[in-house]
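Chains as they are written, first to last, in the numbering used here: chain A, 187 to 524; chain B, 26 to 808. Each remark here refers to the structure printed beneath this line.
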């Protein structure tokens with residue numbers, strides 16, 4: 187009988203392992219282990235054995251059952267896997283197709299503006315807003331630009347009345363801040379400014395500046411250089427360096443133009459930097475003593491620096507936009523690029 | 026400011042190249058806009074014509090044998106003005122003229138080994154070199170050495186820098202002003218131009234009466250035995266390089282001094298003056314100026330007059346009557362200072378500008394008044410154009426001393442500049458420095474009116490000491506401050522992010538527009554948005570009023586996109602509108618507006634975008650039909666909050682679309698006034714505990730009249746305590762539904778509060794809902 191069982195195991199095993207479908211395997215399982223299956227028959231035949239042989243044989247039969255069940259289960263999982271693979275292989279899609287789920291985008295200038303704000307906020311600067319329609323008092327008088335000063339004419343201001351104008355610089359925001367907040371002051375004021383330039387490849391009558399102001403005890407021009415250098419490295423590239431060139435603004439003294447090493451060629455000279463290796467990005471200086479005292483801040487106690495950068499120009503440099511008008515046109519093909 | 030290098034080098038003892046001088050200027054704050062090179066050719070030598078023969082094959086050509094030093098070359102020419110013995114410029118084989126290369130070539134069968142040149146072919150003018158403007162070959166002076174390079178022989182290799190001068194440095198709108206700066210930067214000697222002359226006796230100077238408040242200084246010199254002729258070539262050349270046309274010796278000297286010293290001068294024909302010189306205000310009199318135009322001089326203008334008549338518009342232009350002519354024998358030379366504001370006002374009012382008025386507007390100082398007059402008299406004397414018989418010097422002395430310390434100067438800079446360097450720099454710039462321990466007394470020269478306090482001195486020091494020597498420090502003395510954006514600023518950014526997350530692209534447009542947009546938007550004549558703030562001096566009518574709404578700008582951008590075949594897009598703009606009571610006395614309100622525009626899409630998508638923003642900030646609103654004239658009356662809505670319409674949105678009205686040139690019908694626009702959102706006190710969402718018991722959903726389909734608003738029906742259902750959510754899943758109109766009605770299918774989610782719902786409660790709730798819908802909306806349940 188043992189032999190018979192052994193033979194049954196072996197034949198069932200080979201049948202099971204060679205079965206080609208789940209159906210065939212299920213049939214085999216019934217054939218061997220079902221109510222009238224071969225092994226079930228043997229189990230039934232045990233009652234004809236002498237009682238002393240029964241337990242040993244019973245054990246053998248049960249072991250046989252477990253073995254058979256195990257390799258049927260093994261084969262079953264193999265077949266199921268094969269069947270799934272076959273099914274999945276028929277579900278191949280063309281992965282080269284792109285489906286358009288529109289993700290909106292900020293205007294590139296605002297992306298740049300946010301990046302600049304992030305930097306200065308991380309250094310403890312507050313962000314301050316001030317009106318776009320301003321008085322001559324804030325836009326000129328308080329910035330040490332008296333009525334007969336040539337700067338008033340140079341800037342080609344849009345006027346609403348003789349005392350109200352479209353601000354020509356975010357510097358007006360410096361004054362409003364200094365009137366309200368007393369030192370220590372660290373603030374930036376990003377915003378839109380206006381000059382009556384006909385729109386061309388490098389000018390638009392509206393553009394955007396980001397103004398910065400620090401007023402505290404013992405602030406020096408080296409601090410200005412430190413902050414702006416760190417800004418340039420954060421904003422452009424860790425290897426970016428800055429250069430100060432003397433300049434003139436009525437509201438700062440000393441005043442400088444600030445150049446950064448060319449972001450395109452790294453300072454070697456290219457057509458972006460016109461071969462100079464540097465690109466002018468902002469104007470800055472130490473806050474003029476008259477401006478401080480005009481705002482009720484004692485210039486013998488406090489010093490400060492201010493800077494103003496053109497965000498449109500910086501955006502254009504970073505993205506290589508060669509026409510200042512395009513960012514104002516709202517062409518979707520432009521907006522999708524960034 | 027045009028800066029001829031050869032002129033500069035007269036006053037700066039240096040042999041640095043133009044390139045290096047240009048770099049130096051940039052380094053000390055003067056940008057060089059352009060570098061202009063004269064004598065921009067090569068391979069041209071002095072030649073002498075030895076023989077001329079006719080051309081065998083052409084009547085209009087002649088064959089010249091030209092001595093070019095070491096040989097005679099054959100040159101075929103078409104020029105008619107050359108003769109044997111003439112000295113001419115010869116471009117030899119291989120010469121380059123204004124980027125054109127000259128090569129030996131046969132002309133009608135005869136080899137020509139070069140070209141004789143005209144002034145135009147060499148790019149030079151009469152002011153540069155005699156004979157340059159003749160039609161034909163430029164005939165040179167006989168005493169030039171044959172064979173010599175033309176550039177060398179005539180010193181044509183002039184380089185001129187076009188330097189831009191910052192507004193605080195009127196003194197640098199002069200050759201000597203820049204020379205002082207360059208000398209300081211290079212550490213070279215500055216050589217001041219000569220101002221010596223002999224004053225002969227016999228002259229009787231007119232008396233000068235100053236009554237105009239706009240003239241602070243008035244000086245003059247008197248010259249007799251004047252001979253009017255052409256000015257010397259070197260002077261003409263320098264004027265030419267500075268874009269001034271030479272006229273005659275006296276006028277040229279006044280212009281030369283304007284360029285060199287920065288002082289506008291005026292020369293009067295002294296014999297035509299009657300009595301005293303009166304510097305007074307205008308008396309509504311007429312004057313014909315040097316440009317032959319007549320001007321009326323009013324009381325706001327300063328006039329130079331004699332006892333009988335006006336002579337000149339102070340600082341702007343002289344009169345033609347008393348101007349210098351070939352008959353002039355005596356000259357009264359004026360060197361004065363007029364207020365820059367008044368010169369500008371006069372110049373603007375008359376619409377008349379001159380080199381003189383431009384300089385006065387920039388600023389003239391006591392130094393240049395005195396130095397300029399003396400320089401002109403010195404030139405007249407030296408060049409023998411007349412006898413100086415009178416000289417009336419300036420009466421005022423400029424006296425300004427700044428007391429400061431090394432610590433103040435270094436304190437603002439942040440580095441310790443050695444004492445020696447500070448003193449040296451200030452002294453080379455013409456300041457007198459007295460040191461006492463660490464204190465400085467600095468006497469400021471009259472030409473540096475811009476220097477006012479120690480910060481100006483600090484700038485002078487660092488400009489020449491070098492900004493590259495400054496360290497980078499990180500606010501070591503400053504207090505720690507809390508930075509960041511205000512909640513309103515953050516909300517603006519969040520609104521933009523919400524828009525982006527829903528697929529909208531941000532646009533940016535100008536803040537001003539044309540007032541014709543109000544008609545395009547169909548606004549009624551009384552609509553408040555027509556009261557736009559107007560710019561006095563707009564670039565054009567299209568950009569003449571400040572925006573009172575953003576919809577028109579959005580419509581234009583949509584039109585532009587559609588016309589470029591861009592379709593199916595959503596755009597948003599977050600910008601300001603400007604609203605104030607006209608005429609504007611106070612600053613207007615600047616409102617923060619969100620405008621969304623869609624080509625393609627539908628009403629509900631647009632509505633959802635605005636709803637998303639309002640829901641983010643917990644703003645409750647009700648929806649009603651909109652009456653905005655630019656929106657489709659049936660497909661538009663207003664959001665009302667506290668009785669105020671804060672948002673209008675919908676399909677663009679076909680007539681408005683047409684006005685903006687938009688042909689596509691599916692264009693949707695809306696705008697939301699964000700004032701309330703930005704100021705709303707609490708935008709924090711409060712936690713609602715999640716339900717503990719399983720929710721139950723039931724579908725409900727019913728027929729209602731077309732007029733019934735599904736949104737309202739859903740709101741009514743939500744009023745039931747057990748209802749957690751209501752979702753619309755179908756609206757059906759068709760055969761089984763009586764016309765004028767629609768079938769609405771909703772999924773209703775019931776959320777129990779205290780225990781799992783039993784069937785009886787569910788049916789009771791649903792019946793309750795059905796009964797209410799029947800009563801309020803005439804809804805009949807479909808079975």
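Each residue gets a CB set at the ideal place from its N, CA and C atoms; glycine is no exception.
Query - residue 399 of chain A vs residue 480 of chain A beta-carbon contact at 8 Å - result: Here residue 399 of chain A corresponds to residue number 213 of the first chain, with the count starting at 1. Here residue 480 of chain A corresponds to residue number 294 of the first chain, with the count starting at 1. In this structure, residue 480 of chain A does not lie closer than 8 Å to residue 399 of chain A by Cβ.
Report task. Sort out for me which residues DSSP pairs residue 235 of chain A with in a bridge. Result -> If you number the first chain from 1, residue 235 of chain A lands on position 49. In DSSP, residue 235 of chain A forms no bridge with anything.
Query raised in the report: What are the residues of the stretch 493-520 of chain A that lie near chain B, defined by any Cβ-Cβ distance shorter than 8 Å?
Result: 513, 514, 515, 516, 517, 518 and 519
Query raised in the report: Does DSSP put residue 267 of chain A in a helix, in a strand, or in coil?
Result: For the purposes of this step, residue 267 of chain A is identified with residue 81 of the first chain, where counting begins at 1. Three-state DSSP puts residue 267 of chain A in a helix.
Report task. Tell me, to the nearest whole angstrom, how far the beta carbon of residue 469 of chain A is from that of residue 393 of chain A; I am working on the premise that it is less than 8 Å. Result -> Along the first chain, read from residue 1 onward, the residue named residue 469 of chain A stands at position 283. Along the first chain, read from residue 1 onward, the residue named residue 393 of chain A stands at position 207. The Cβ separation is near 14 Å, so there is no contact.
Requested in this report: Alpha carbon to alpha carbon, how far is residue 348 of chain A from residue 248 of chain B? Give it in angstroms, no decimals.
Outcome: Here residue 248 of chain B refers to the residue found at position 223 when the second chain is read from its first residue. Here residue 348 of chain A refers to the residue found at position 162 when the first chain is read from its first residue. C-alpha separation (whole angstroms): 47 Å.
Query raised in the report: How many Å lie between residue 411 of chain A and residue 316 of chain A at the Cα?
Result: The residue given as residue 411 of chain A occupies position 225 in the first chain. The residue given as residue 316 of chain A occupies position 130 in the first chain. Using only the alpha carbons, I get a separation of about 26 Å.
Query raised in the report: By the 10 Å Cβ neighbour count, where 16 or more other Cβ atoms means buried, how is residue 632 of chain B classified, buried or exposed?
Result: Position 607 of the second chain, counted from the first residue, corresponds to residue 632 of chain B. So residue 632 of chain B ends up on the buried side.
Query raised in the report: When DSSP builds the beta bridges, which residues end up paired with residue 663 of chain B?
Result: For the purposes of this step, residue 663 of chain B is taken as residue 638 along the second chain, with counting starting at 1. BP columns for residue 663 of chain B point to B:649 and B:673.
Report task. Identify which residue in B:141, B:527, B:112 and B:590 has its Cα closest to the Cα of residue 121 of chain B. Result -> Within the second chain, numbered from 1, the residue matching residue 121 of chain B stands at position 96. Cα-wise, what sits closest to residue 121 of chain B is B:141.
Query raised in the report: List, in order along the chain, the chain A residues whose C-beta lies closer than 7 Å to that of residue 439 of chain B?
Result: As a working mapping, residue 439 of chain B is identified with position 414 in the second chain. Ordered by position in chain A, the residues that pass the 7 Å Cβ test against residue 439 of chain B are 406, 407, 408 and 409.
Query raised in the report: residue 533 of chain B CB to nearest chain A CB: under 8 Å?
Result: As a position in the second chain, residue 533 of chain B is number 508, starting the count at 1. With 8 Å as the cut-off, residue 533 of chain B counts as an interface residue toward chain A.
Report task. Starting from the C-beta of residue 433 of chain B, find all residues in its chain whose C-beta is less than 6 Å away, skip the five residues before and the five after it, and write them out in chain order. Result -> Within the second chain, the letter at position 408 stands for residue 433 of chain B. These residues qualify, in order along the chain: 479.
Query raised in the report: By the 10 Å Cβ neighbour count, where 16 or more other Cβ atoms means buried, how is residue 260 of chain A classified, buried or exposed?
Result: Reading the first chain from its first residue, position 74 is the one you call residue 260 of chain A. Exposed, since its Cβ has fewer than 16 Cβ neighbours within 10 Å.
**Report entry** Secondary structure of residue 243 of chain B, DSSP reduced to three states
**Finding:** In the second chain, the residue the question calls residue 243 of chain B occupies position 218. The answer is strand: DSSP assigns residue 243 of chain B an E or B state.
Report task. Taking only the alpha-carbon atoms, compute the straight-line gap between residue 441 of chain A and residue 609 of chain B and give it to the nearest angstrom. Result -> For the purposes of this step, residue 441 of chain A is identified with residue 255 of the first chain, where counting begins at 1. For the purposes of this step, residue 609 of chain B is identified with residue 584 of the second chain, where counting begins at 1. Each residue's alpha carbon lies about 35 Å from the other.
Query raised in the report: Would DSSP call residue 276 of chain B helix, strand or coil?
Result: As a first step, residue 276 of chain B is located in the second chain; it is residue number 251 there, counting from the start. Reduced to three states, the DSSP call for residue 276 of chain B is helix.
Query raised in the report: So, does the CB of residue 311 of chain A fall closer than 8 Å to a CB anywhere in chain B?
Result: Here residue 311 of chain A is taken as the residue at index 125 of the first chain, counted from 1. For residue 311 of chain A, the answer is yes, since a Cβ of chain B falls inside 8 Å of its Cβ.
Query raised in the report: residue 515 of chain A and residue 585 of chain B: beta carbons closer than 8 Å?
Result: The count along the first chain starts at 1 and reaches residue 515 of chain A at position 329. The count along the second chain starts at 1 and reaches residue 585 of chain B at position 560. Contact flag set, yes.
Query raised in the report: Using CA coordinates, which residue listed in A:350, A:351 and A:371 is at the minimum distance from residue 360 of chain A?
Result: Position 174 of the first chain, counted from the first residue, corresponds to residue 360 of chain A. Checking every option, the nearest Cα to that of residue 360 of chain A belongs to A:371.
Query - Under the three-state DSSP convention, the category residue 279 of chain A falls into - result: Residue numbering aside, residue 279 of chain A sits at position 93 when the first chain is read from its first letter. Reduced to three states, the DSSP call for residue 279 of chain A is coil.
Query - With 16 other Cβ atoms within 10 Å as the buried cut-off, status of residue 534 of chain B - result: As a first step, residue 534 of chain B is located in the second chain; it is residue number 509 there, counting from the start. The residue is buried, with at least 16 neighbouring Cβ atoms inside 10 Å.
Query raised in the report: Which partner residues does residue 428 of chain A have in the DSSP bridge list?
Result: For the purposes of this step, residue 428 of chain A is taken as residue 242 along the first chain, with counting starting at 1. DSSP lists A:446 as partners of residue 428 of chain A.
Query raised in the report: Using a Cβ-Cβ cut-off of 7 Å (strictly less than) and excluding sequence neighbours within five positions of residue 103 of chain B, which residues of its own chain qualify?
Result: Locating residue 103 of chain B in the second chain gives position 78, counting from the first residue. Excluding residues within five positions, the ones whose Cβ falls inside 7 Å are 85 and 86.
Query raised in the report: Exposed or buried, which one is residue 198 of chain B when buried takes at least 16 other CB atoms within 10 Å?
Result: Against the second chain, residue 198 of chain B aligns to sequence position 173. Residue 198 of chain B comes out buried.
Query raised in the report: Under 7 Å from any heavy atom of the ligand PLP, does the C-beta of residue 86 of chain B make it?
Result: Absent from the structure shown: the ligand PLP. Ligands present: none.
**Report entry** chain B within 8 Å of residue 448 of chain A, Cβ atoms only
**Finding:** By 1-based counting over the first chain, the position of residue 448 of chain A is 262. Taking Cβ atoms only, chain B never reaches closer than 8 Å to residue 448 of chain A, which makes this a no.
Query raised in the report: Residue range of the beta strand (DSSP E) that residue 29 of chain B falls in?
Result: Here the question's residue 29 of chain B lines up with position 4 in the second chain. Residue 29 of chain B -> beta strand (DSSP E) spans 27-29.
Query - Interface flag, residue 522 of chain A vs chain B, CB-CB below 8 Å - result: What you label residue 522 of chain A is simply residue 336 of the first chain in a count that begins at 1. Interface residue, yes.
Query raised in the report: Under three-state DSSP, which class holds residue 109 of chain B?
Result: The residue given as residue 109 of chain B occupies position 84 in the second chain. Coil, per DSSP.
Requested in this report: Taking all protein chains shown into account, decide if residue 357 of chain B is buried (16 or more other Cβ within 10 angstroms of its Cβ) or exposed.
Outcome: The residue given as residue 357 of chain B occupies position 332 in the second chain. Classification for residue 357 of chain B: buried.
Query - Beta carbon proximity, residue 757 of chain B to chain A, threshold 8 Å - result: Taking the second chain and counting its residues from 1, one reaches residue 757 of chain B at position 732. No, residue 757 of chain B does not count as interfacial toward chain A.
Requested in this report: Establish whether the CB of residue 460 of chain A and some CB of chain B are separated by less than 8 Å.
Outcome: For this step, residue 460 of chain A is matched to residue 274 along the first chain. Chain B contact via Cβ: absent.
Query raised in the report: For residue 795 of chain B, which residues of its own chain have a beta-carbon under 8 Å away from its beta-carbon, when the five flanking residues on both sides are left out?
Result: In the second chain, counting from the first residue as 1, residue 795 of chain B sits at position 770. Here the set comprises 725, 727, 804 and 806.
Query raised in the report: If you check the beta carbons only, do residue 293 of chain B and residue 336 of chain B fall under 8 Å apart?
Result: The sequence position of residue 293 of chain B within the second chain is 268, counting from 1. The sequence position of residue 336 of chain B within the second chain is 311, counting from 1. Yes. Within cutoff.
Query raised in the report: Do three or more CB pairs link the stretch 418-434 of chain A to the stretch 505-524 of chain B at distances below 8 Å?
Result: no
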